[in-house]
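Below is one structure; the comments refer to it alone.
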Amino acid sequence: SSGINAEYGYWLKGEKAGSWDFFATNLPGYPDNIRRRENGGYWVGMAAIRRHPFSLVDYLAPYPQVRATITKILPYYLLRSLASQYGMVVVLDEFGNILDSLQDPGGAVVPSVSEVAEIGGVLYIGSYHSNYIARLTLRNEF
Numbered sequence: 098s099s100g101i102n103a104e105y106g107y108w109l110k111g112e113k114a115g116s117w118d119f120f121a122t123n124l125p126g127y128p129d130n131i132r133r134r135e136n137g138g139y140w141v142g143m144a145a146i147r148r149h150p151f152s153l154v155d156y157l158a159p160y161p162q163v164r165a166t167i168t169k170i171l172p173y174y175l176l177r178s179l180a181s182q183y184g185m186v187v188v189l190d191e192f193g194n195i196l197d198s199l200q201d202p203g204g205a206v207v208p209s210v211s212e213v214a215e216i217g218g219v220l221y222i223g224s225y226h227s228n229y230i231a232r233l234t235l236r237n238e239f
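Converting from the sequence shown to my numbering requires adding 97 to each position, the first position being numbered 1.
Okay, structure coming up:
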């Protein structure tokens, strides 16, 4: 869910069945999608990263109506220009802990990540802002 720097989980079974819970919090960016890794854990694509010491999205997080109004008033190209181009995929374990990340700090190849898929040791990375899919052959540590 973009706009918040956390992932939620929905319990299907057990004593918490039917309830929502935080899965991963305080992520380095705004998650767009989460996908299972072939060897356990998860890949999480970051639509945008959090900037420190100030992030406008973090600052406006408690005010969803203000964020919604801003996105209706400002044209998309202007909103996009406010977000830095920085491709990031985060690796989470099954408990939501960050294990590692793949980063393109200047966004030269992947300006943001909206989708990640692992197939046979190859990571396919998509972005709403690219007209191509990036392909990365994974090393053993991933």
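Even glycine gets a Cβ: it sits at the ideal position worked out from N, Cα and C.
If you're wondering where the values come from, they're calculated on a predicted model, not measured in any experiment.
TODO: Taking the CB atoms as reference points, tell me whether Tyr174 and Asp201 lie closer together than 9 Å.
DONE: As a working note, residue 174 is residue 77 in the sequence shown. As a working note, residue 201 is residue 104 in the sequence shown. Between Tyr174 and Asp201, the C-beta gap is not smaller than 9 Å, which leaves the two residues out of contact.
Open item on the list: DSSP three-state label for Arg133, please.
Closed with: Position 36 of the sequence shown holds residue 133. Arg133 falls in the strand class under three-state DSSP.
Open item on the list: I'd like to know whether the C-beta atoms of Ser224 and Glu215 end up nearer to each other than 9 Å.
Closed with: In the sequence shown, residue 224 corresponds to position 127, counting from 1. In the sequence shown, residue 215 corresponds to position 118, counting from 1. At the C-beta level, Ser224 and Glu215 stay beyond 9 Å of one another.
- [ ] Check Gln200 in the structure and name its three-state DSSP category.
- [x] Here the question's residue 200 lines up with position 103 in the sequence shown. In the structure shown, Gln200 falls within a strand segment according to DSSP collapsed to helix, strand and coil.
Task: Cβ shell of Asp197 (< 6 Å), same chain only, five flanking positions each side left out - done: On the sequence shown, position 100 is the one that residue 197 refers to. Excluding positions up to five away in sequence, the list reads Val188.
Task: Thr234 versus Asn228, Tyr221, Ser227 and His226, residue with shortest Cα-Cα distance - done: One-based indexing of the sequence shown puts residue 234 at position 137. Tyr221 is the residue among Asn228, Tyr221, Ser227 and His226 whose C-alpha sits nearest the C-alpha of Thr234.
Task: Closest Cα partner of Leu179 within the set Ala158, Ala121, Arg148 and Ser227 - done: What you label residue 179 is simply residue 82 of the sequence shown in a count that begins at 1. Minimum Cα distance to Leu179 is reached at Arg148.
Task: Thr168 to Ala158 span [Cα, whole Å] - done: Within the sequence shown, the letter at position 71 stands for residue 168. Within the sequence shown, the letter at position 61 stands for residue 158. Going by the C-alpha atoms only, they are around 13 Å apart.
Task: Nearest neighbour of Gly217, chosen from Arg133, Pro172 and Ala144 [CA to CA] - done: Here residue 217 refers to the residue found at position 120 when the sequence shown is read from its first residue. Taking only the C-alpha atoms, the option nearest Gly217 is Arg133.
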